[in-house]
Amino acid sequence: GRAWDITKVRTTCPYCGVGCQMYLHMKGDDIVGISAVEGTKANDGRLCVKGRYGYDFVRSNDRLKTPLIKENGVFREASWEEALTLILDKMNAIKKESGPDAFAGLSSARCTNEENYIFQKMMRAAIGTNNVDHCARLCHASTVAGLATTLGSGAMTNTIDEVKDSDLYFIIGSNTTETHPVIGMNVRQGLNKGAKLIVAEPREIPLAKQADLFLQIKPGTNIPLLNGMMHVIIKEDLLDKEYVNSRTEGFEELKEVVKEYTPEVVARICGIDSNDLVKAAKMYATAPTASILYAMGVTQHSSGTEGVMSVSNMALLCGNIGKYACGVNPLRGQNNVQGACDMGALPTDFPGYQKVANPDVIKKFEKAWGVSLSDKKGLTATEMFEAILEKEIRCLYIMGENPMVSDPDSNHVEHSLKECEFVVVQDIFMTETAQLADVVLPATSFAEKNGTFTNTERRVQLVNAAMKPIGDTRLDYEILIDVMKGLGYENSFTNSAEILEEIASVTPSYGGMSIDKIQEDGIQWPCLDKDHPGTPILHTEKFSRGEKAIFKPATYRPAEEQPDEEYPFIFTTGRILYHYHTRTMTGKVDGLNKLSGHSYVEMNPEDAANLGIAQGEIVEVSSRRGKVNVEAHVTDTIEKGVLFMPFHFEDGKANLLTNAALDPIAKIPELKVCAATVKKN
Ligand code: SF4
């Protein structure tokens, strides 16, 4: 097209939690290109391959364009009126017969803050239940629970921009360059300036090659590793005593617990050299500034919450929280998973982590919303599927999530969705989950909506509509407001800015947020009032749960399922650069499919040789829960006895094999470790 036909609309990338600022280049209602916004805090002119090229899905022919109703097992097109009438008849009948707790809702880490706010308000105010959750349960529920206990806020303590200025990075359980590419670029920038890097990972990820020290630990051994490092730091007297004395509680208990974790003991559990452990501890403790970056390699375990607490213990021990270029930095996966948590799409929390268990909070929201509210703790996403099978839940409402591919033990999820009496799915594509719904409602993509996303560094940024909704699609919040009205609850919102005003009025950490205020570079929460500048670094003076942070020592509990004769391998999963989550969006982008179009299993050359498996051969990988046929990628980046699969693909689905064993505190499933086997076909 001619350059003068093109308009540029600034918005926020719909993929990962970095929240890059980008321009959509629009020719009418077509996106013809994407470019990065220069000079912003989150990405300063940079984008990764997904953000730059991954936009074909917006105009894909596969977009849902009309409501669909299932009749005798087959979907037929319907009008909005017909679909909504059916939904409301059914929902009102179930509510009358079985009460509000017969409903459960999954909100979406891909939808805006405003949509998430309305979703949880629908579940709580219009239906009357706290059974609302979203896929953070599968990625960072243990971060939210763990850091809230030790520090008071379950979020990244520092900013993305500062990452480039650290003297040392300790990266544990994060394949940063592939999953958060722009943060990975900041790490590389720091390394070029002479920063040191320690990587602790079961696989030799790309950054491991650049590391000063690479600890190739066995999957599921983060806690002993961290305890071992703290053991050395205390023994060698490298802790920050003044910080520990003035800003923390519980040091004596920590000291007692980590006493047992000598380098020799830890080396044996983790499968590493004890000298490397000592070296890592000394490097971390003596660096002037040290930033810990972690992701699902820490969180997705049956001891995930304790793993997160152990990360925070180590940072506190060295006085590395509340300071520039330091911190504990959980990297959130989806573009708005931070926001979906912040907005109260959680069974125990209203917006801003105000607790359902607190009677004053209930009173506050009853007054704000003008209804009486349930103070009963809701079910988590992982518990909802059980409750369906037990006939406690009769209606499941899902907005923009695909548990059929993302959740562990998919056969069980499928069984549960099929058993559920009434399932409504609101999405942009006919996902594997939508296939099992009774009614499917077509929603709009990020390019067609206004609102805000909150990135992994707590920065609330604008999403701006670049085109009108395609086909007969409608905005998610508009659909929800109609459903709420049909359930007898009226809202007066006419646009997303008005929803943000209500959010600010009931959520202290978002108290000063408004569309005007976040225009330029967004604002990081907490932002308490309209004159507040936002908070780049958390806990500079005190901790949000009280004056002091708390050490919460953890002891090593092996993963629930261990290799045995029948399933002799440790099986682990993760993400790759070219795809995003369950590929509902990236799977519609030809270029990305060409770069990586199908599932595979990584295995060590010795294991492959022992089993007579050749590079590229199709092999059968199985666990107690299922089996898949995928291509063998034989590589020495993975240790003997360990298998890895990316979790993105429906065909060759890693989650048919994973274990749904739950962390007792956060109820996050153990997606990172189970026992499996592999054989020639
Ligand atoms: Fe989008 Fe994340 Fe890539 Fe930035 S780093 S362009 S937010 S996917």
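Sequential numbering of the sequence shown, starting at 214, is according to the UniProt record's numbering.
All residues carry an ideal CB built from backbone N, CA and C; glycine is no exception.
Model, not experiment: these values are computed from the prediction.
In the DSSP assignment, H444 falls within the alpha helix (DSSP H) that extends over 435–448. When the beta-carbon positions are compared, E833 and N872 stay at least 7 Å from each other.
Of D695, I385, D729, the smallest CA-CA separation from V676 is found for D729. For the pair L506 and M442, the Cα-to-Cα distance works out to about 16 Å.
In summary, T220 is exposed, with fewer than 16 beta-carbon neighbours lying within 10 Å of its beta-carbon over all protein chains present.
Counting only runs of at least 4 residues, the segment 480–538 fully encloses the following alpha helix (DSSP H) elements, listed from N- to C-terminal order: 487–499, 509–512, 517–530.
In the structure shown, F764 adopts coil according to DSSP, grouped into three states.
When Cβ pairs closer than 8 Å are counted between the two stretches, the segment 492–511 is seen to touch the segment 377–392, the count reaching three or more. Taking 7 Å as the cut-off, the beta carbon of N440 is found no closer than this to the beta carbon of P227. At least one heavy atom of ligand 1 sits closer than 6 Å to the Cβ of P394.
Excluding residues up to 5 positions away in sequence, S515, E773, E883 lie with their Cβ nearer than 6 Å to the Cβ of A874 in the same chain. By the CB criterion at 7 Å, A656 and D689 fall inside the cutoff. The straight-line gap separating the alpha-carbon atoms of L381 and N435 is approximately 19 Å.
With fewer than 16 neighbouring CB atoms inside 10 Å of its own CB, V245 falls in the exposed class. Burial is judged here by how many other beta carbons sit within 10 angstroms of a residue's own beta carbon; E455 has fewer than 16 and is exposed. The secondary-structure analysis by DSSP pairs R276 across a beta bridge with F642. Distances from the alpha-carbon of V222 to those of C229, I712, A249, V231 put A249 closest. Taking C-beta atoms under 8 Å as the contact rule, V376 and S504 qualify, at a distance of about 6 Å.
Contact annotation: G552 and N343 have beta-carbon atoms that are not nearer than 7 Å. If the five residues before and after N533 are omitted, its C-beta is found closer than 6 Å to the C-beta atoms of A503, C539, all from its own chain and listed in chain order.
Comparing C-alpha distances from R460 to each of K278, K308, S757, Y268 shows the shortest one belongs to S757. Taking the Cα of H745 as reference, the smallest distance to any Cα among E733, A762, G759, M726 is reached at M726. Taken from the Cβ of V345, every heavy atom of ligand 1 lies 6 Å or farther away.
Residue range 243–249 is occupied by the beta strand (DSSP E) that includes D243. Linking V855 to A255 through their CA atoms gives a straight-line distance of about 35 Å. As a beta-bridge residue in DSSP terms, F782 pairs with A889. Between V673 and G735, the C-beta spacing is below 7 Å. Note on geometry: alpha-carbon atoms of G565 and V638 lie some 26 Å from one another. Ranked by how close their Cα comes to the Cα of L700, the residues A339, P394, A296 have A339 in first place. Taking all protein chains in view, the Cβ of I418 is crowded by 16 or more other Cβ atoms within 10 Å, so the residue is classified as buried. The beta carbon of R350 sits closer than 7 Å to those of T593, A594, T595, K880, I881, all from its chain and outside the five residues before and after it, given in chain order. With fewer than three CB-CB distances shorter than 8 Å, the segment 571–579 does not count as touching the segment 691–698. DSSP places C554 outside any beta strand (DSSP E); the residue lies instead in the alpha helix (DSSP H), whose first and last residues are 550–555.
Restricted to the segment 327–391, the beta strand (DSSP E) segments that are unbroken, complete and at least 3 residues in length are 381–385, listed in chain order.
DSSP links Y813 through a beta bridge to E844.
T363 has its alpha-carbon roughly 7 Å from the corresponding atom of M522.
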